[in-house]
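Notes follow once the structure below has been shown.
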Amino acid sequence: MRINFNNGSRPLSAAKLLARRTGHVRLSAAQEAIAKAAGYRDWHELHRSSGGPSSHDPVTPDRAKALVLSVVDALDVSLGEAQYALSRARLFTFTLEENLQLRASLWRERLFGPAARGKVGTLVMVQALRGKEVGYLKPGREGYDQLLYDSGFGSCASSEVIYPRGATEDFAPSVLWLPYGYWKRAKGEMVAFSRDYRPLWHIGAGKVVPADPWEWIGGIREEFFFREIAGTGTWSYGRARELALAFLAENRIFETPRLLDAMPFLFEPGEVTVKGAVERLKASATQLVA
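If you use this note's numbering, the sequence shown closes out at 414, no skipped numbers anywhere.
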């Protein structure tokens, strides 16, 4: 189904974002890929067709998913780069929660595939202090399973793993997107960071710019932690989580950070740290640009 545009500014903005952020995609190629994903023969047809009545039907999650995958396949870019550019340019207008759900569905489609007993990426449950906790299966060894929970890594005996009978909704782990706190730098700039102190967003001068998770952030004047502000020892749920989400909403951050692009590398054999996954992500990004 074709997506109608009032003008060509939004798809052009998405194409420019893709070309600028990836470093290896030409603007003309990005324009063509976005036009075809939106249901047009080419960019010229999209441009000629713009200016008519826009579609009254919002882009659904399934349509957004197809849009992202079409761009990914055409340009050989990551799921994250395609989703960020299309969302930031408002080709679909989702809340942060909806964008996180979209990313999780993209992982299921391209990273994990259908769930199966003992298969990497399958969602399982393990009994924890707060009840049954859901996690993704990681590569393990005989009789011993590694898992990725919402708040980070864990392990247990294979006999402790419970396979849900019904469908369990995929999720984007908070350890890869939820701010743990933020740094204040000179001239009032803020940098939100994750639980592993990986930069997520540069915020300042009326702009929000996604950070590369391997960036070194210098010139820090003050450091704030949402769990300390909330007066709690937890960070991924409860009052600290509410404060972190309010911080994102206040700064109008609805897209997903680049740290989420490290997700596939967390499932490489032997990878048990976010730091290691980020190093692999950096190496992959460098190879694409080179």
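Virtual Cβ for every residue (Gly too), placed ideally from N, Cα, C.
Can you find at least 3 beta carbon pairs, one from the stretch 204 to 217 and one from the stretch 145 to 163, that sit closer than 8 Å?
As far as the Cβ criterion goes, the stretch 204 to 217 touches the stretch 145 to 163, which means the pair count is three or higher.
Rounded to whole angstroms, what is the Cα-Cα separation between residue 346 and residue 161?
The count along the sequence shown starts at 1 and reaches residue 346 at position 222. The count along the sequence shown starts at 1 and reaches residue 161 at position 37. Taking the straight line from one Cα to the other gives about 44 Å.
Can we say the stretch 216 to 231 touches the stretch 185 to 201, given the rule of at least three CB pairs closer than 8 Å?
The answer is yes - the stretch 185 to 201 touches the stretch 216 to 231, with three or more Cβ pairs under 8 Å.
Going by C-alpha to C-alpha distance, which of 349, 380, 379 sits closest to residue 366?
Reading the sequence shown from its first residue, position 242 is the one you call residue 366. Nearest option by C-alpha distance: 349.
Count Cβ pairs between the stretch 276 to 294 and the stretch 321 to 331 that sit closer than 8 Å; are there 3 or more?
The stretch 276 to 294 vs the stretch 321 to 331: no contact.
Assuming residue 277 is part of the beta strand (DSSP E), what are its boundary residues?
Reading the sequence shown from its first residue, position 153 is the one you call residue 277. Note, residue 277: beta strand (DSSP E), 276 to 281.
Do the stretch 222 to 239 and the stretch 380 to 391 touch if we need at least three Cβ pairs shorter than 8 Å?
Yes: the two stretches touch, three or more of their Cβ pairs being nearer than 8 Å.
Could you say which of 250, 309, 301, 144 lies nearest to residue 282 if we only look at CA atoms?
Within the sequence shown, numbered from 1, the residue matching residue 282 stands at position 158. Among 250, 309, 301, 144, the Cα nearest to that of residue 282 is on 250.
Is the beta carbon of residue 402 closer than 8 Å to that of residue 432?
Nothing about residue 432 can be reported from this structure: the residues present for the chain run from 125 to 414 only.
Just list the residues that DSSP pairs residue 259 with in beta bridges.
Within the sequence shown, residue 259 is the residue found at index 135, counting from 1. BP columns for residue 259 point to 248, 273.
What are the complete alpha helix (DSSP H) segments, minimum 4 residues, inside the stretch 132 to 178?
Counting whole runs of 4 or more residues, the stretch 132 to 178 contains the alpha helix (DSSP H) stretches 133 to 146, 151 to 161, 167 to 173.
Can you tell me whether DSSP reads residue 125 as helix, strand or coil?
Here residue 125 is taken as the residue at index 1 of the sequence shown, counted from 1. Coil at residue 125, not helix or strand.
Which partner residues does residue 323 have in the DSSP bridge list?
As a position in the sequence shown, residue 323 is number 199, starting the count at 1. The partner list for residue 323 (beta bridge, DSSP) reads 317.
For residue 183, collect the residues of the same chain with a Cβ closer than 8 Å to its Cβ; drop the 5 residues on either side in sequence, then sort them by chain order.
Stepping through the sequence shown from its first residue, residue 183 is reached at position 59. 127, 191, 215, 216, 217, listed in sequence order.
Report the residue ranges of all beta strand (DSSP E) runs contained in full by the stretch 339 to 389; include only those spanning at least 3 residues, in chain order.
Entirely contained in the stretch 339 to 389, the beta strand (DSSP E) runs reaching 3 residues are, in chain order, 344 to 349.
CA-CA distance, residue 417 and residue 304?
This structure cannot settle anything about residue 417, because the visible part of the chain is limited to 125 through 414.
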